[in-house]
Amino acid sequence: EDKTYDVVVLGAGGAGLSAAIEAQAAGANVVVIEKMPYVGGNTILSYAELACPNNWLQEEQGIEDSPELMAKEMWEGGGKVAKKEMVDIVANNATAAAEWLRDEIGVKYQDYLVWEGGHSVARAVEPIDLGPGMINPLKEYAEGHGVEIMLNTKAEELIQDETGKVVGVKVSQGDQTATISANRSVVLATGGFGANVEMREHYNTRWETLDESVKTTNSPAIVGDGIVMAEKIGANLINMEHIQLYPFNNPITGVFYGIEAPSWSGEGLIYVNKDGKRFVNEVAMRDVRAEGILAQGGLVYAIYNQEVADRLNLEEKFADEYARCLEDGVFFKADTLEEVAEHYGINAENLVETMDKYNEGIENNTDEFGRTTSMVTMKEGPWFILEGVVSVHHTMGGVEINENAEVLDTEGSVMPGLFAAGEVTGSVHGNNRVGTCAIADITVFGRIAGRNAAAAE
Ligand code: ADP
Numbered sequence: 122e123d124k125t126y127d128v129v130v131l132g133a134g135g136a137g138l139s140a141a142i143e144a145q146a147a148g149a150n151v152v153v154i155e156k157m158p159y160v161g162g163n164t165i166l167s168y169a170e171l172a173c174p175n176n177w178l179q180e181e182q183g184i185e186d187s188p189e190l191m192a193k194e195m196w197e198g199g200g201k202v203a204k205k206e207m208v209d210i211v212a213n214n215a216t217a218a219a220e221w222l223r224d225e226i227g228v229k230y231q232d233y234l235v236w237e238g239g240h241s242v243a244r245a246v247e248p249i250d251l252g253p254g255m256i257n258p259l260k261e262y263a264e265g266h267g268v269e270i271m272l273n274t275k276a277e278e279l280i281q282d283e284t285g286k287v288v289g290v291k292v293s294q295g296d297q298t299a300t301i302s303a304n305r306s307v308v309l310a311t312g313g314f315g316a317n318v319e320m321r322e323h324y325n326t327r328w329e330t331l332d333e334s335v336k337t338t339n340s341p342a343i344v345g346d347g348i349v350m351a352e353k354i355g356a357n358l359i360n361m362e363h364i365q366l367y368p369f370n371n372p373i374t375g376v377f378y379g380i381e382a383p384s385w386s387g388e389g390l391i392y393v394n395k396d397g398k399r400f401v402n403e404v405a406m407r408d409v410r411a412e413g414i415l416a417q418g419g420l421v422y423a424i425y426n427q428e429v430a431d432r433l434n435l436e437e438k439f440a441d442e443y444a445r446c447l448e449d450g451v452f453f454k455a456d457t458l459e460e461v462a463e464h465y466g467i468n469a470e471n472l473v474e475t476m477d478k479y480n481e482g483i484e485n486n487t488d489e490f491g492r493t494t495s496m497v498t499m500k501e502g503p504w505f506i507l508e509g510v511v512s513v514h515h516t517m518g519g520v521e522i523n524e525n526a527e528v529l530d531t532e533g534s535v536m537p538g539l540f541a542a543g544e545v546t547g548s549v550h551g552n553n554r555v556g557t558c559a560i561a562d563i564t565v566f567g568r569i570a571g572r573n574a575a576a577a578e
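Mapping of the sequence shown onto mature numbering (1 follows the signal peptide of the UniProt record, and there is no 0): residues 122 to 578, in sequence order.
What follows is the structure, given as structure tokens:
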């Protein structure tokens with residue numbers, strides 16, 4: 122059935138829901154079009170950790186930080202090929218976005234900070250219920266404030282009027298089609314293309330292959346629909362060749378492990394190959410770690426000990442995951458390093474030596490791989506070991522937007538009536554997204570897109 126709204130948002134992930142709420146708050150009547158039978162996209166599958174400088178937890182803990190420092194680390198981490206003014210906007214508004222999620226939307230946060238590779242200080246906050254802990258309150262808030270969410274409705278094509286202004290979208294619902302018109306504007310928030318094997322093979326230039334042998338952490342819905350629709354009407358695409366591999370994932374599911382948490386907790390763990398040797402700085406940027414892991418030519422292993430697990434309360438927090446992974450054979454725990462090595466056919470003698478060397482390095486402030494942060498001594502068992510492989514995680518490229526979240530065409534001109542935010546855009550993360558910066562991006566630019574979409578004529 123054809124319908125008309127002021128603002129039509131495409132995609133009900135973190136960016137789309139944030140945009141819809143802000144557009145509605147600015148006085149527009151808003152619909153969110155979502156092709157799946159549920160909301161959330163990649164955002165609900167993520168840990169929804171949000172990097173934000175000078176946040177409430179940093180203040181409590183006396184950690185010094187600044188938006189400038191975060192922007193510098195995002196920009197340099199992304200190989201300096203993002204649009205710097207866009208990176209600045211994310212860093213300058215991330216803390217306000219986190220406070221909005223907490224105070225206005227009702228997202229509940231943990232009382233600890235998360236510290237992903239690429240950040241010089243711990244600066245990310247984490248919802249108590251991770252991705253669902255962010256998406257569920259956003260959905261409830263949106264619906265509670267009059268935003269309509271249309272599930273099982275796929276955006277197929279953007280509609281322009283005779284002047285070129287985007288005025289709506291053709292959608293399909295099963296075998297029915299309809300037109301959803303926008304009095305003011307359309308917001309693209311359909312996510313990236315990590316689950317589209319053809320697209321990632323087409324655009325990838327960095328990795329040897331991204332064919333179906335490489336699994337993905339993404340929702341099956343994340344196949345680049347919005348990018349293709351926008352390109353068809355002349356939108357400029359940028360940074361499309363930059364595709365992020367998440368370094369360490371469950372080899373069976375292709376999805377990252379919660380039980381790899383020491384890696385982003387400030388405690389740290391080590392990676393070893395079959396030879397029982399380390400090969401990379403385990404808290405380096407994701408691209409560096411992925412490269413290091415790929416160079417081992419197969420499975421690699423993450424190792425930490427009971428003391429680390431206890432300090433993070435992992436066995437309680439992730440009891441189900443440990444049990445499932447043990448059963449699937451991708452996790453093992455034993456009293457000695459020799460036992461965990463033997464279980465996976467790793468050179469045990471080397472592994473013992475590797476751990477000694479790592480511990481000595483901590484004492485002497487020298488690390489074989491130049492690691493300087495998230496290092497704690499691990500001397501006593503029991504030992505935890507996980508098998509890991511790389512997976513396609515995030516596509517940095519997408520439609521080009523400006524600081525108002527307006528979509529730009531291939532000449533650099535604003536496309537009237539069309540805004541975009543989130544992973545569908547390509548302006549912020551350069552050639553490598555620094556961990557916990559996506560949630561900052563999608564929330565900050567989702568809000569900007571929503572406000573401006575409501576103000577458009
Ligand atoms: P972001 O992090 O940018 O918010 P997500 O991956 O979380 O991105 O969300 C994108 C949402 O867009 C998902 O819920 C996905 O199912 C939805 N989506 C993707 N393509 C379409 C489409 N053609 N029509 C409607 N919804 C779509």
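Here a beta-carbon is modelled for each residue, glycine too, at the ideal position from N, C-alpha and C.
The model shown is predicted, which means the values in this text are computed figures rather than measured ones.
Taking one C-beta from the stretch 528-540 and one from the stretch 348-362 each time, how about it: are there three or more such pairs within less than 8 Å?
yes
Extent of the continuous beta strand (DSSP E) run through L433:
Counted from its first residue, the sequence shown places residue 433 at position 312. Careful: L433 lies outside any beta strand (DSSP E) and carries neither H nor E.
Hey, quick one: how far does the beta strand (DSSP E) through D127 stretch, first residue to last?
Position 6 of the sequence shown, counted from the first residue, corresponds to residue 127. Looking at the DSSP string, the run of the beta strand (DSSP E) that includes D127 is 124-131.
Given T216 as reference, the closest of R554, V246, E489 once Cα atoms are compared:
The residue labelled residue 216 in the question sits at position 95 within the sequence shown. Nearest of R554, V246, E489 to T216, Cα basis: V246.
Ignoring anything shorter than 3 residues, give me the beta strand (DSSP E) runs that lie fully in the stretch 231-307, in order along the chain.
269-271, 275-281, 287-294
Taking Cβ positions, are G162 and G551 nearer each other than 7 Å?
Within the sequence shown, residue 162 is the residue found at index 41, counting from 1. Within the sequence shown, residue 551 is the residue found at index 430, counting from 1. No, the Cβ-Cβ distance between G162 and G551 is not below 7 Å.
Member of M361, N317, T274 whose CA lies at the smallest distance from the CA of residue 591
Outside the modelled stretch of the chain, which goes from 122 to 578, sits residue 591, for which no answer is possible.
Identify every residue that forms a DSSP beta bridge with G519.
As a working mapping, residue 519 is identified with position 398 in the sequence shown. According to DSSP, G519 bridges with I359.
Can you give me the start and stop residues for the beta strand (DSSP E) that K454 sits inside?
Your numbering for residue 454 matches position 333 in the sequence shown. Element bounds for K454: 452-455.
Determine whether the beta carbon atoms of K398 and N471 lie at a separation below 7 Å.
For this step, residue 398 is matched to residue 277 along the sequence shown. For this step, residue 471 is matched to residue 350 along the sequence shown. Taking C-beta atoms as the reference points, K398 and N471 count as a pair closer than 7 Å.
Check whether the Cβ of M207 lies closer than 6 Å to any heavy atom of ligand 1, and answer yes or no.
As a position in the sequence shown, residue 207 is number 86, starting the count at 1. Every heavy atom of ligand 1 is 6 Å or more from the Cβ of M207, so no.
Compare the beta carbon distance of R568 and A147 with 7 Å and say whether it is the shorter of the two.
Sequence index remark: in the sequence shown, residue 568 carries index 447 (1-based). Sequence index remark: in the sequence shown, residue 147 carries index 26 (1-based). For R568 and A147, no; Cβs fall outside 7 Å.
Would you check whether ligand 1 has a heavy atom nearer than 6 Å to the C-beta of N371?
Counting from 1 along the sequence shown, the entry for residue 371 is found at position 250. Incorrect: N371 has no Cβ contact closer than 6 Å to ligand 1.
Is the Cβ-Cβ distance between L390 and A423 less than 7 Å?
In the sequence shown, residue 390 corresponds to position 269, counting from 1. In the sequence shown, residue 423 corresponds to position 302, counting from 1. Taking 7 Å as the Cβ cut-off, L390 and A423 qualify as a contacting pair.
Any C-beta of chain B sitting closer than 7 Å to the C-beta of R554?
In the structure shown, chain B does not exist; there is a single protein chain.
Take A416 and list the residues in its own chain whose beta-carbon comes closer than 6 Å to its own, dropping the five residues that flank it on each side.
For the purposes of this step, residue 416 is identified with residue 295 of the sequence shown, where counting begins at 1. Closer than 6 Å at Cβ, skipping near neighbours: no residue.
DSSP three-state call for A382: helix, strand or coil?
Your numbering for residue 382 matches position 261 in the sequence shown. A382 falls in the helix class under three-state DSSP.
Look at the alpha carbon of V160 and the alpha carbon of K260, and state the distance between them as a whole number of angstroms.
Here residue 160 refers to the residue found at position 39 when the sequence shown is read from its first residue. Here residue 260 refers to the residue found at position 139 when the sequence shown is read from its first residue. Roughly 8 Å between the two C-alpha positions.
Is the beta carbon of T337 less than 7 Å from the beta carbon of V513?
Position 216 of the sequence shown, counted from the first residue, corresponds to residue 337. Position 392 of the sequence shown, counted from the first residue, corresponds to residue 513. Their beta carbons are under 7 Å apart, which means T337 touches V513 by this criterion.
Got a sec, what are the start and stop residues for the beta strand (DSSP E) E474 sits in?
Taking the first residue of the sequence shown as position 1, residue 474 is located at position 353. Per DSSP, E474 belongs to no beta strand (DSSP E); it is in the alpha helix (DSSP H), 469-485.
Leaving out the 5 sequence neighbours to the left and right, which residues in its chain are closer than 8 Å to D530 when beta-carbon positions are compared?
Locating residue 530 in the sequence shown gives position 409, where the first residue counts as 1. Closer than 8 Å at Cβ, skipping near neighbours: G355, A356, N357, M536.
Do you know offhand how far Q231's Cα is from T326's?
Position 110 of the sequence shown, counted from the start, is the residue given in the question as residue 231. Position 205 of the sequence shown, counted from the start, is the residue given in the question as residue 326. The alpha-carbon atoms of Q231 and T326 are separated by roughly 38 Å.
Any heavy atom of ligand 1 closer than 6 Å to the Cβ of A299?
Here residue 299 corresponds to residue number 178 of the sequence shown, with the count starting at 1. When distances are taken from the beta-carbon of A299 to the heavy atoms of ligand 1, even the shortest one reaches 6 Å or more.
So N175 is in the alpha helix (DSSP H); what residue range does that whole segment cover?
In the sequence shown, residue 175 corresponds to position 54, counting from 1. No alpha helix (DSSP H) holds N175; DSSP gives it neither H nor E.
Contacting residues, own chain, Cβ-Cβ under 8 Å from P503 (five flanking each side not counted):
As a first step, residue 503 is located in the sequence shown; it is residue number 382 there, counting from the start. Closer than 8 Å at Cβ, skipping near neighbours: N426, Q427, K454, A455, D456.
Sequence-distant residues of its chain with Cβ nearer than 7 Å to A203 (five each side left out):
By one-based count along the sequence shown, residue 203 stands at place 82. Within the same chain, A203 has close Cβ partners W196, S548, V549, H550, G551.
N- and C-terminal bounds of the beta strand (DSSP E) containing V349
Taking the sequence shown and counting its residues from 1, one reaches residue 349 at position 228. That residue, V349, is in no beta strand (DSSP E); its alpha helix (DSSP H) goes 346-353.
If you reduce the DSSP assignment to three classes, tell me which class P537 lands in.
To locate residue 537, count along the sequence shown from 1; it is residue 416. P537: strand per DSSP, three-state reduction.
To which residues of the same chain is E237 closer than 6 Å at the C-beta, ignoring the five residues directly before and after it?
Locating residue 237 in the sequence shown gives position 116, where the first residue counts as 1. Closer than 6 Å at Cβ, skipping near neighbours: W385, G556, T557.
Our contact map puts L131 next to A310 with C-beta atoms below 8 Å; I'd like the distance itself, whole angstroms only.
One-based indexing of the sequence shown puts residue 131 at position 10. One-based indexing of the sequence shown puts residue 310 at position 189. So it is a contact: roughly 6 Å between Cβ atoms.
Assign I154 to one of three DSSP states: helix, strand, or coil.
Your numbering for residue 154 matches position 33 in the sequence shown. Strand at I154.
Mind checking residue 107: buried by the 16 CB within 10 Å criterion, or exposed?
With the chain running from 122 to 578 in the structure shown, residue 107 is simply not present.
Nearest by alpha-carbon distance to T300: which of V349, T516, V129 is it?
As a working mapping, residue 300 is identified with position 179 in the sequence shown. Answer by Cα proximity: V129.
Spatially closest choice to A149 from N360, G379, T125, A561, by CA coordinates:
Residue 149 sits at position 28 when you count from the first residue of the sequence shown. Minimum Cα distance to A149 is reached at T125.
Is L131 close to ligand 1? I mean its beta-carbon at under 6 Å from any heavy atom of the ligand.
Position 10 of the sequence shown, counting from 1, holds the residue named residue 131. Within the cutoff, so yes.
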